[in-house]
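Residue numbering for the sequence shown follows my numbering, beginning at 33 and increasing consecutively. Working notes for the structure below.
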Amino acid sequence: GETVRITYDATATDVGLAGTSVTNVATLASSSLDDPLEATATVSVAAPGETVLDKRASLERAKVGEVISYSVRAVAGADLTEAVITDEGLPESVEIDPVTVRSAINGNALDTVATMEDEGFSLQLGTLKVGDVVEVSYEAVVREGVEADEAVNVARLSSPNLPGPVEDDETVQIVDDPDVSPPDDPDGPDDPGTPGTPGDPGNPDDPGEPQDPDDPNNPEDPSTPLEKAADKDVASVGETVSYTVTAIAE
């Protein structure tokens with residue numbers, strides 16, 4: 033399967049977009065496709081004075097021994113005093129490596145050391161000016177003995193100047209094999225699906241009905257997945273959003 037990847041940047045310059053969501057569509061057309069394929073990415077544009085926070089994980093699914101890289105990005109919509117970022121909620125056996133915790137404001141690295149608390153940490157940021165961009169990154173390892181089937185954790189930015197904490201969460205599925213998607217059927221592998229109609233086992237002359245090549249449940253049916261992603265879920269007016277469009281011919 034050949035992979036085609038396209039990347040580009042776009043900047044929200046229209047102040048009229050503030051407080052709205054912008055959905056952008058990628059389309060793949062080909063004479064070998066019955067219908068064009070579409071994929072979308074939606075980015076919310078912060079309202080004036082709004083403080084925003086976005087959290088990302090490097091993996092959607094992870095297995096024991098794998099490292100998940102997390103990033104947290106916040107933009108101050110107003111002057112914030114006594115600003116603190118906390119990150120918490122990971123299950124036991126998904127351990128944050130304290131050495132990997134990094135933080136910066138407007139690209140300038142901070143000397144602040146994270147205070148580790150249970151399965152999370154906090155960072156004292158001090159005073160943030162309107163427009164300041166805070167970036168935090170760290171790594172967590174999935175250890176043997178993990179019992180949870182997903183790792184959910186929440187990042188929060190708090191300050192006395194905010195009406196309440198600004199937060200975002202991220203979920204990573206914990207699986208035996210990260211390359212295999214979990215079954216849609218909760219009954220698991222005992223359900224073989226319906227690839228076709230079998231013949232009569234008591235009648236060797238009955239071959240059954242062949243698979244329908246147009247049936248989407250037919251695993252041999254070729255497909256061309258199309259995905260579109262943005263590097264942030266929320267952006268302020270004037271900020272640049274990086275988009276990636278990926279098409280895979282199978």
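Built from N, CA and C at the ideal position, the CB exists for glycine as well.
Original post:
If we count Cβ pairs, one from each stretch, closer than 8 Å, do we get three or more for the segment 179-191 versus the segment 114-132?
Top reply: Judged by Cβ distances under 8 Å, the segment 179-191 makes contact with the segment 114-132, as three or more pairs qualify.
**OP:** Grab me the residues of K264's own chain with a C-beta within less than 7 Å of its C-beta, minus the 5 sequence neighbours each way, in chain order.
**Re:** Counting from 1 along the sequence shown, the entry for residue 264 is found at position 232. Only V75, D86, R105 and V273 meet the Cβ criterion.
Original post:
Alpha carbon to alpha carbon, how far is V198 from S103?
Top reply: Looking up residue 198 in the sequence shown gives position 166. Looking up residue 103 in the sequence shown gives position 71. V198 and S103: Cα-Cα distance of roughly 15 Å.
**OP:** With 9 Å as the threshold, decide whether the Cβ of P257 is near any Cβ in chain C.
**Re:** Judged by its chain identifiers, the structure shown contains no chain C, having just a single protein chain.
Subject >> Buried or exposed (CB count within 10 angstroms, at least 16 for buried), A141 >> reply: For the purposes of this step, residue 141 is taken as the residue at position 109 of the sequence shown. Exposed, by the Cβ-count rule.
Original post:
So, is K260 buried or exposed, given that buried needs 16 or more other C-beta atoms within 10 angstroms?
Top reply: Walking along the sequence shown from the start, residue 260 turns up at place 228. Classification of K260: buried, given that the 10 Å Cβ count is 16 or more.
Original post:
Going by other Cβ atoms of all chains shown within 10 Å of its Cβ, with 16 needed for buried, is G109 buried or exposed?
Top reply: What you label residue 109 is simply residue 77 of the sequence shown in a count that begins at 1. Buried is the call here.
**OP:** Measure the beta-carbon distance from A180 to V204 and round it to whole angstroms, keeping in mind my assumption that it falls under 8 Å.
**Re:** As a working note, residue 180 is residue 148 in the sequence shown. As a working note, residue 204 is residue 172 in the sequence shown. Rounded, the Cβ-Cβ distance is 10 Å, inconsistent with contact.
**OP:** Indicate the three-state DSSP secondary structure (helix, strand or coil) for D246 in the structure shown.
**Re:** What you label residue 246 is simply residue 214 of the sequence shown in a count that begins at 1. In this prediction, D246 scores a pLDDT of 48, lower than 50, which makes its location untrustworthy; the coordinate-derived value is nonetheless stated afterwards. Coil.
Subject >> Three-way DSSP call (helix, strand, coil) for V186 in this model >> reply: Sequence index remark: in the sequence shown, residue 186 carries index 154 (1-based). In the structure shown, V186 sits in a strand (DSSP, three-state: E or B).
Subject >> Cβ neighbour criterion (16 or more within 10 Å) applied to A279 >> reply: For the purposes of this step, residue 279 is taken as the residue at position 247 of the sequence shown. Flag for A279 reads buried.
Subject >> C-alpha distance - R37 paired with A79, whole-angstrom precision >> reply: Against the sequence shown, residue 37 aligns to sequence position 5. Against the sequence shown, residue 79 aligns to sequence position 47. In a straight line, the C-alpha of R37 is about 32 Å away from that of A79.
**OP:** Return the Cβ separation of V174 and K95 in integer angstroms, given the expectation that the two are a contact with Cβ distance under 8 Å.
**Re:** For the purposes of this step, residue 174 is identified with residue 142 of the sequence shown, where counting begins at 1. For the purposes of this step, residue 95 is identified with residue 63 of the sequence shown, where counting begins at 1. Confirmed, Cβ separation roughly 7 Å.
Subject >> Beta-carbon gap between I128 and E171 smaller than 9 Å >> reply: Within the sequence shown, numbered from 1, the residue matching residue 128 stands at position 96. Within the sequence shown, numbered from 1, the residue matching residue 171 stands at position 139. Yes, the Cβ-Cβ distance between I128 and E171 is below 9 Å.
**OP:** Please name the residue, chosen from N193, V277 and E98, that lies closest to V207 on a Cα-to-Cα basis.
**Re:** To locate residue 207, count along the sequence shown from 1; it is residue 175. Comparing Cα positions, the closest option is E98.
**OP:** For G33, name the three-state secondary structure that DSSP assigns.
**Re:** Walking along the sequence shown from the start, residue 33 turns up at place 1. It is coil, neither helix nor strand.
Original post:
Does DSSP put V269 in a helix, in a strand, or in coil?
Top reply: Locating residue 269 in the sequence shown gives position 237, counting from the first residue. DSSP places V269 in coil when its eight states are reduced to three.
Subject >> Whole-angstrom distance between S62 and D41, CA atom to CA atom >> reply: Here residue 41 refers to the residue found at position 9 when the sequence shown is read from its first residue. Here residue 62 refers to the residue found at position 30 when the sequence shown is read from its first residue. Approximately 25 Å between the Cα atoms of the pair.
**OP:** Rounded to whole angstroms, what's the CA-CA distance from T83 to I137? Just pull it up for me.
**Re:** Within the sequence shown, numbered from 1, the residue matching residue 83 stands at position 51. Within the sequence shown, numbered from 1, the residue matching residue 137 stands at position 105. C-alpha separation (whole angstroms): 15 Å.
Original post:
Measuring CB to CB, does R88 end up less than 9 Å from E271?
Top reply: In the sequence shown, counting from the first residue as 1, residue 88 sits at position 56. In the sequence shown, counting from the first residue as 1, residue 271 sits at position 239. For R88 and E271, no; Cβs fall outside 9 Å.
Subject >> Per-residue DSSP class, three states only, for V99 >> reply: Position 67 of the sequence shown, counting from 1, holds the residue named residue 99. In the structure shown, V99 falls within a strand segment according to DSSP collapsed to helix, strand and coil.
Original post:
Looking at C-alpha atoms only, which residue of A281, V277 and A262 is the closest neighbour of V54?
Top reply: Here residue 54 corresponds to residue number 22 of the sequence shown, with the count starting at 1. Per the Cα distances, A262.
**OP:** Check the DSSP bridge columns for T52 and list the partner residues they point to.
**Re:** As a first step, residue 52 must be located in the sequence shown, where it is residue number 20. T52 pairs with nothing; no bridge assigned.
Subject >> From G121, D164, S90 and A267, residue whose alpha carbon lies closest to that of M148 >> reply: For the purposes of this step, residue 148 is identified with residue 116 of the sequence shown, where counting begins at 1. Comparing Cα-Cα distances from M148 to each of G121, D164, S90 and A267, the minimum goes to G121.
Original post:
Which residues mark the beginning and the end of the beta strand (DSSP E) in which T72 is found?
Top reply: Counted from its first residue, the sequence shown places residue 72 at position 40. Its beta strand (DSSP E) spans residues L69 to V77.
Original post:
Residue range of the beta strand (DSSP E) that T45 falls in?
Top reply: For this step, residue 45 is matched to residue 13 along the sequence shown. Here T45 belongs to no beta strand (DSSP E), and DSSP marks it neither H nor E.
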